[in-house]
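Colleague: Structure below; questions to follow.
Number of protein chains: 2
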Amino acid sequence: MCQSHAYLVEANGEETLVMEDVSVLKPKGDTIVLIGMFGEQKEIKARIKELQLTEHRILLEKS
Amino acid sequence: MCQSHAYLVEANGEETLVMEDVSVLKPKGDTIVLIGMFGEQKEIKARIKELQLTEHRILLEKS
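Chains F and Y, in that order, are what the protein sequence lines are. Numbered by the numbering used here, the letters in the first sequence go through residues 5 to 67 in order. Numbered by the numbering used here, the letters in the second sequence go through residues 5 to 67 in order.
As C-alpha cells, then:
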C-alpha cells in the first residue's frame, strides 16, 4: 500500500487533509487532479509544494 | 518501501530513469529537486507530468 495522503498547507503552516490514499496525481493548468484508490476524483486549485514519499505525504499549496 | 522511481518522459513518450527510490521531491522554480533514500540529490529542469503512486512512478517532463 503505497498511496499517500494529500494535504493543503496554508501560509501559516496549517495542514488540511484533502484526500486519503491518493493513487494518481495530475497537474492540470493551475489545478491538481487527485484520483483515489477507488477511482474517486477531486480537482483542487493548488500546486505541489513537496512530496514526502517515505512518510506517504503529498503537500499542496494554493496556486 | 514506498519510494518511487522518477522518469523523464520525452515528447515521443520515451521514458528515461532519472532516479530510483525517490524519498522527497520539491519543485523549485522551473526545476525539480529529487532526494533519494540515502540523501543523494539531483536537480532537473522539469515539471511533474503525473504521479502514479500505486505503480511507484513519478513522471516528469521538460519545463
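Backbone N, C-alpha and C fix where the C-beta goes; we use that ideal spot for every residue, glycine too.
Excluding the 5 residues flanking Arg-61/F on each side, which residues of the same chain have their C-beta closer than 7 Å to its C-beta?
Modeller: The answer, listed in chain order, is Ser-8, His-9, Tyr-11.
Colleague: Is Leu-29/Y close to chain F, meaning its C-beta is less than 9 Å from at least one C-beta of that chain?
Modeller: It does; some Cβ of chain F falls within 9 Å.
Colleague: State yes or no: is the beta carbon of Glu-54/F nearer than 9 Å to at least one beta carbon in chain Y?
Modeller: Yes - at least one Cβ of chain Y is within 9 Å of the one on Glu-54/F.
Colleague: Anything in chain Y within Cβ reach of Val-26/F, meaning under 7 Å, just list it in chain order.
Modeller: Neighbours of Val-26/F on chain Y, chain order: Leu-57.
Colleague: Using the C-alpha atoms, what's the distance from Ile-48/F back to Val-26/Y?
Modeller: Roughly 25 Å separates the two Cα atoms.
Colleague: Spatial neighbours of Glu-111/Y within its chain, please: C-beta separation below 7 Å, excluding the five flanking residues on both sides.
Modeller: For residue 111/Y there is no data in the structure shown, the boundaries of chain Y being 5 and 67.
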